[in-house]
Amino acid sequence: ANAGKLKSGNFTINYTVAYDGFSGALTSQAVVDRATAQFNKKSDLKVSVAASDQYIAGDYADTVTVTIAAK
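Every number in our numbering is 35 more than the matching position in the sequence shown, counting from 1.
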């Protein structure tokens with residue numbers, strides 16, 4: 036929703052995600068494409084924020100929508 040940024044009021048912090056082979060910023064739609072169906076597969080969605088002494092303390096948020104669709 037925030038183009039790869041966590042927001043708290045007017046303050047933003049860049050973050051990246053990693054999911055099943057994809058790693059990067061969510062500045063646009065990320066797609067993980069598989070050639071065949073996979074059943075009972077578990078994958079973690081990991082969010083990373085680089086450390087910085089420039090960040091302002093607060094409660095930051097973003098909305099990430101995950102859609103899993105059959106081919």
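For each residue, glycine too, the CB sits at the ideal point set by N, CA and C.
Going by the beta-carbon positions, is the gap between residue i and residue j smaller than 8 angstroms?
i    : j   : result
A96  : K42 : yes
D79  : V67 : no
T62  : G39 : yes
T102 : A36 : no
F57  : A70 : no
The beta strand (DSSP E) with residue i in it runs from where to where?
i   : result
V66 : No beta strand (DSSP E) holds V66; DSSP gives it neither H nor E.
Give the C-beta separation of residue i and residue j to the nearest angstrom, bearing in mind that I take them to be a contact with Cβ-Cβ under 8 angstroms.
i   : j   : result
V84 : V52 : Between V52 and V84 the Cβ distance is about 11 angstroms, and since that is not below 8 angstroms, they are no contact.
Three-state secondary structure (DSSP) at residue i?
i   : result
L61 : coil
S87 : coil
F46 : strand
Y54 : strand
K77 : coil
V82 : strand
Stretch pair the segment 69-76 + the segment 40-50: three plus CB contacts closer than 8 angstroms: Between the segment 69-76 and the segment 40-50, the count of C-beta pairs closer than 8 angstroms stays below three; the two stretches do not touch.
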